[in-house]
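From first to last, the protein sequence lines are chains H and X. Its first residue numbered 0, the first sequence is counted upward by one per residue in numbering that gives the first Met the number 0. Its first residue numbered 0, the second sequence is counted upward by one per residue in numbering that gives the first Met the number 0. Backbone N, C-alpha and C fix where the C-beta goes; we use that ideal spot for every residue, glycine too.
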Amino acid sequence: MFWTVTLTLLKGLLTTFEIFAYTLLIALPLGLVFAFASMSRFAPLRGLMNVIIWIIRGTPLMLQLIIIFYGPGLWLGHNIWSGDEAGRILATVVAFSFNYACYFSVIFRGGIQGVPKGQREAGQMLGMTKSQIFFKVTLLQMVKRVVPPMSNEIITLVKDTSLARIIAAYELTFSGYSFMKSDGITWPLFYTGLFYLLFVGILTLIFGKIEKKLDYFQ
Amino acid sequence: MAILQVNDIHKCFDGTEVLKGVSFELESGNALAIIGSSGSGKTTLLRCINFLEKPTSGSIVLKGESLFDSSAADDWEKDLRRKRLHFGMVFQNFNLFPQYTALENVMLAPDLLAKKEPDYRSKKALIRENAEELLDRMGLKERMSHYPHQLSGGQQQRVAIARALALQPDILCFDEPTSALDPELTGEVLRVIRTLAENHTTMIIVTHEMAFARDVADRVIFMDEGVIVEEGDPASVIDHPTKERTKQFLTRYREGNIE
């Protein structure tokens with residue numbers, strides 16, 4: 000039984016990891032785009048972006064997931080997501096990416112605005128181009144500022160993947176829960192906790208390494 | 000002939016006129032000190048001259064070449080980088096790049112400029128040599144591989160001076176270079192600037208250090224409320240001011256009531 004459970008949970012972990020990885024892959028660049036939009040000199044774009052961020056941060060991720068998965072079928076008359084596992088994961092990734100991009104954008108904005116104006120001016124007085132100033136001067140300082148809050152969000156993302164259960168994607172928590180229904184045993188559910196702890200433990204080590212690497216300057 | 004001619008510079012921020020028509024000339028090899036209380040417009044003037052701020056109107060001529068003229072329809076953005084390179088800037092807060100060592104801070108800009116040239120490889124060693132020599136002149140031979148946060152304020156400011164000198168600007172500008180320093184650290188920075196003055200580096204120094212301005216500057220400008228109130232050699236402006244506002248300022252300064 001232990002091996003059956005472990006194998007099933009590993010499969011669930013794979014789905015969890017897929018949701019996690021694809022979400023990061025999309026939400027990181029999208030968050031940067033959102034950050035620039037929310038700082039745009041063009042007021043309508045800035046306003047629109049801030050309203051979107053307000054709505055996404057102001058409503059539960061689970062609600063957004065339900066709307067994105069069931070919404071098209073209810074309002075457009077046909078479901079745009081295929082009913083199989085892949086379709087459910089895709090819908091989850093779309094909802095999560097958009098949600099996390101909004102949170103990331105606020106962190107990125109803080110990182111960009113946190114670099115003192117004098118750094119850019121010093122670069123300008125040294126005859127550097129805009130891109131040289133960005134890549135050679137401000138980027139690394141931004142990254143350093145952004146890593147600690149990002150690690151928080153990314154660790155939260157690991158655990159938020161369990162929300163995908165609501166649209167019946169077979170992620171880790173769902174896999175553990177299924178044994179409660181089919182076999183009447185509860186320990187697999189607690190066993191899933193161990194997988195999350197390991198996952199987050201590895202991430203914590205990685206972020207610790209990155210922070211340490213950037214420790215050489217202030 | 001003057002190396003720099005500044006004519007009737009006005010600068011408005013959101014409707015508030017900070018500079019109300021400032022004109023002066025600077026001779027090559029001279030050091031000009033700009034004094035005045037906070038909010039008198041002296042820092043804004045400096046930032047307008049070295050193209051960090053766009054003046055609302057006026058003109059700037061450097062070595063006979065018009066760099067800015069609000070009456071002609073010249074494009075501010077055009078050649079902005081090249082125009083700025085005529086000036087070196089030493090900031091109040093140093094603005095060293097924290098992720099680079101002292102040496103890397105000094106080398107970065109010359110290196111980036113040389114990269115576009117064909118004989119970059121041969122130049123690289125020269126750039127490094129030059130940077131090391133500059134830091135040595137600043138008394139920082141033992142500190143070249145230190146990061147800014149490992150240096151004292153005075154040392155950081157001396158690295159910043161070396162960094163500005165590395166591009167061999169026509170005019171070196173200082174914006175209150177000792178205002179962010181602990182009192183016991185101002186001396187080492189002022190000494191370096193004094194040496195530069197003795198070697199006839201063309202400089203504009205915005206400063207609160209009155210004794211220093213009198214010793215080092217060839218000319219002194221006293222500014223108040225966006226205009227030049229008094230201008231002349233240091234002995235006359237600082238020791239024997241003729242205008243009432245200059246006298247008031249200097250009296251308050253001596254009483255230690257400035258800021």
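With respect to the C-alpha of Ile220/X, the residue from Arg193/X, Leu249/X, Ala113/X and His148/X having the closest C-alpha is Leu249/X.
Taking the beta carbon of Tyr146/X as reference, the chain H residues within 7 Å of it are Tyr215 and Phe216, listed in sequence order. Setting aside the 5 residues that flank it on each side, Gly72/H is surrounded in the same chain by Asn78, each with a C-beta closer than 6 Å to its C-beta; the list follows chain order.
Rounded to whole angstroms, the separation of the alpha carbons of Gln247/X and Ser37/X is 14 Å. Cβ atoms of Leu125/H and Leu166/X come within 8 Å of each other, at about 6 Å.
Excluding residues up to 5 positions away in sequence, Leu18, Val21, Cys47, Pro54 and Gly57 lie with their Cβ nearer than 6 Å to the Cβ of Ile8/X in the same chain. Legend: CB atoms of the segment 127 to 143 of chain H lying less than 9 Å from CB atoms of chain X belong to residues Met127, Thr128, Gln131, Lys135, Val136, Leu139, Gln140 and Lys143. Taking C-beta atoms under 8 Å as the contact rule, Ile106/H and Met141/H fail to qualify, at a distance of about 10 Å. When DSSP states are grouped into helix, strand and coil, Gly231/X belongs to the strand group. Chain H has no Cβ within less than 8 Å of the Cβ of Phe12/X. When only Cα atoms are considered, Arg120/X and Arg162/X end up about 21 Å apart. Between Ala32/X and Gln91/X, the gap from beta carbon to beta carbon reaches 8 Å or more.
Interface with chain X (8 Å Cβ-Cβ cutoff): Gly117/H is included. Among the CB atoms of chain H, one or more fall inside 8 Å of the CB of Gln98/X. Taking the Cα positions, Val188/X is about 14 Å away from Cys172/X.
Secondary structure note for Asp223/X: its beta strand (DSSP E) is the uninterrupted segment Arg218 to Asp223. The C-beta of Glu210/H comes no closer than 8 Å to any C-beta of chain X. Residue pairing for Gln4/X: DSSP places it in a beta bridge opposite Glu24/X and Val60/X. Excluding five sequence positions before and after Phe86/X, the CB atoms of its chain that fall closer than 8 Å to its own CB belong to Ile48, Asn49, Phe50, Pro168, Asp169, Ile170, Leu171 and Cys172, given in chain order. Between the segment 87 to 98 of chain H and the segment 49 to 64 of chain H there are three or more inter-stretch CB-CB distances shorter than 8 Å, so the stretches are counted as touching.
For Phe248/X, no CB of chain H lies under 8 Å from its own CB, so it is not counted at the interface with that chain.
The contact set of Asn94/X on chain H, defined by CB atoms closer than 8 Å, consists of Pro115, Gly117, Gln118, Glu120 and Ala121 in chain order.
A direct Cα-to-Cα measurement between Tyr146/X and Asp13/X gives close to 39 Å. If you draw a straight line from the Cα of Leu133/X to the Cα of Pro59/H, it comes to about 59 Å. With 16 or more other CB atoms across the displayed protein chains lying within 10 angstroms of its CB, Phe211/X is buried.
Under the 8 Å criterion on CB atoms, Leu188/H is classed as non-interfacial with respect to chain X.
Of all alpha-carbon atoms in Leu61/X, Met137/X, Lys41/X and Leu95/X, the one lying nearest the alpha-carbon of Glu26/X is that of Leu61/X.
With fewer than 16 other CB atoms across the displayed protein chains lying within 10 angstroms of its CB, Thr3/H is exposed. As computed with DSSP, Cys11/X is found in a beta bridge with Glu16/X. Taking all protein chains shown into account, Lys143/H has 16 or more neighbouring C-beta atoms within 10 Å of its C-beta and is therefore buried. Taking 9 Å as the upper bound on Cβ-Cβ separation, chain H lies near residues Arg46, Asn49, Phe50 and Leu51 of the segment 44 to 57 of chain X.
For Met88/X, the nearest beta carbon of chain H is closer than 8 Å to its own beta carbon. For the 8 Å CB-CB criterion, Leu171/H and Ser181/H do not form a contact. Contact between Ala30/X and Asp217/X holds: their C-beta atoms lie close to 5 Å from each other, under 8 Å. Under the Cβ distance rule, Leu197/H does not count among the residues neighbouring chain X, no pair being separated by less than 8 Å.
Remark: three or more beta-carbon pairs, one from each stretch, lie closer than 8 Å, so the segment 27 to 40 of chain H and the segment 48 to 59 of chain H are flagged as touching.
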